[in-house]
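Asks: Below you will find the structure I want to go over with you.
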Amino acid sequence: MKRRPSRSAIVTSSSKIHLALRYMILSGILFGFSLGIYYASENELWINIFWAVSLVTGVLALTFLIVYLTLIFMRWFRK
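In the numbering used here, the protein residues as written are 1022 to 1100.
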């Protein structure tokens, strides 16, 4: 007797979508804030610190954008 592979249901609840959107917006705001301080700063130490912070928050914002778009497309294709 052959067993069919079980297909698990993909759940894209609206709370997950809103959570990803909220984290993406927060990361984007932190990215903009740290990038603004990076350009406004004159001290070499602060320039290096805020460059690193803006790099990390920018990558996080892009990651949450990918997660958000993935959840939206999963919801659209499910219907």
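Even glycine gets a Cβ: it sits at the ideal position worked out from N, Cα and C. Bear in mind the structure is a predicted one, so any value in this text is a computation, not a measurement.
Answer yes or no: do Gly1079 and Leu1042 have a C-beta to C-beta separation smaller than 9 Å?
Replies: no
Asks: Look at Ser1048 and Leu1090 and say whether their C-beta atoms are less than 9 Å apart.
Replies: Ser1048 is not a Cβ neighbour of Leu1090, given a cutoff of 9 Å.
Asks: Using a threshold of 9 Å, state whether the C-beta atoms of Tyr1044 and Phe1085 are closer than that.
Replies: yes
Asks: May I have the straight-line CA-CA distance separating Ser1036 from Ile1050, to the nearest angstrom?
Replies: 21 Å
Asks: Starting from the N-terminal side, write out each stretch of the alpha helix (DSSP H) that is 4 residues or longer and does not extend beyond the region 1031-1096.
Replies: 1035-1061
Asks: How big is the Cα-Cα spacing for Trp1072 and Leu1083?
Replies: 16 Å
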